[in-house]
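Below: one structure, written as structure tokens.
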Amino acid sequence: LLPKKEAPIKEDDLAVILYTSGTTGKPKGAMLTHKNITSNVLACSQVFEGSSKDKFIAVLPMFHSFGMTAGVLLPLYLGGTVITLKQFKPLETIETIEKHQATIFLGVPFMYSLLTRVKGHEQSLKSLRLCVTGGAAMPSEVLKEFENKFKVSIYEGIGLSETSPVIAMNSISKRRIGSVGKAIPGVEIRIVDEQGNELSTDQPGEIIVQGPNVMLGYLNQKE
């Protein structure tokens, strides 16, 4: 047998390269460090108020930043349970939540819309203590329809592949429907105009982010 050797890994070393979705151009490889990812997991654990008792439904793609950080690494950090599904099928997902008494479901708005269309099963999601949505804007009518049927609250948030990914989320203690909440612990957010000037409330602009979760840069695209 070969002698065991420990690889010297530093927190600022490259850990993973996640490709962006390409909504504003060609997909780019976001280079994330160990510190980027772990800082985001720690911050999410505070916002989720998570514990080892939590059981996460992991149906989001694990190659995506949301699924990787919040769906896999967060429950592992908490010492919780990861319940995996090969693909998203509304009825199967509902039955899995009920069977395993899952406590946290992570999804995108379209998933919640499809879950709401499943006939019956109004009591099947009562084990969930919270649902989290991201990846796109949550239509208020979908949120209200889901919550009215299953009596479970949905918490909206926002993230980017470049930020490991979560930057803001509604807290369990204070939620505002139609908002992505406030910056998570350790992250600073500003909204600026094209000249970089900070904008006041209710003015649309560009989001800029600073924190330990921000990537090293794009792979082979230093500029």
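Taken in order, the sequence shown gives residues 68 to 290; the numbers are from the working numbering.
The beta carbon of each residue, even a glycine, is placed where N, CA and C say it ideally should be.
These numbers were taken from a predicted model, which means no experiment stands behind them.
Residue span of the beta strand (DSSP E) that contains residue i, given as start and end
i, result
"V233", "233 to 236"
"R257", "255 to 259"
"L81", "81 to 86"
"E223", "221 to 226"
"T230", "Element bounds for T230: n/a, residue is neither H nor E."
Nearest-angstrom Cβ-Cβ length linking residue i and residue j, presumed shorter than 8 Å
i, j, result
"G134", "L127", "3 Å"
"I221", "C198", "5 Å"
"E223", "G253", "Actually they are not in contact, since the Cβ atoms of E223 and G253 sit about 20 Å apart, beyond 8 Å."
"D79", "K102", "6 Å"
"Q277", "K95", "Actually they are not in contact, since the Cβ atoms of Q277 and K95 sit about 20 Å apart, beyond 8 Å."
C-beta atoms of residue i and residue j nearer than 8 Å
i, j, result
"L227", "L81", "no"
"E229", "A110", "no"
"S112", "L145", "yes"
"V233", "I256", "no"
"L182", "P157", "yes"
"S106", "P271", "no"
7 Å Cβ shell around residue i - same chain, five flanking residues per side excluded
i, result
"I225", "G201, I234, A235, V247"
"V185", "P157, L158, I161"
"T100", "E78, D79, D80, L81, A82, L283"
"S119", "L145, G146, G147"
"V114", "M236, S238, I251"
Beta-carbon contacts of residue i that lie in its chain and below 8 Å, excluding the five residues immediately before and after
i, result
"G269", "Checking the sequence, you will find Asp at residue 269 rather than Gly. There are no such residues."
"S207", "I244, G245"
"E116", "I239"
"Y179", "C198, T200, M205, V209, L210, F213, I221"
"E265", "R257, I258, V259"
Residue i Cβ short of 7 Å to the ligand GDP heavy atom set
i, result
"K102", "Within the structure as shown, the ligand GDP is missing, as the structure has no ligands at all."
Own chain residues within Cβ distance below 6 Å of residue i, not counting five before or after
i, result
"N237", "Y222, E223, G248"
"V281", "T230"
Start and end residues, alpha helix (DSSP H) containing residue i
i, result
"E162", "157 to 167"
"A203", "Here A203 belongs to no alpha helix (DSSP H), and DSSP marks it neither H nor E."
"V276", "It is not in any alpha helix (DSSP H) - V276 instead sits in the beta strand (DSSP E) that spans 273 to 277."
"T183", "176 to 184"
"K102", "101 to 115"
"F133", "132 to 135"
"P75", "Looking at the DSSP string, P75 is not in any alpha helix (DSSP H), and its letter there is neither H nor E."
Stretch-stretch touch, CB-based, cutoff 8 Å, three pairs: the stretch 158 to 170 with the stretch 133 to 143: no
The stretch 212 to 231 touching the stretch 182 to 197, judged by at least three CB pairs closer than 8 Å: The stretch 212 to 231 vs the stretch 182 to 197: in contact.
The stretch 117 to 126 touching the stretch 142 to 157, judged by at least three CB pairs closer than 8 Å: yes
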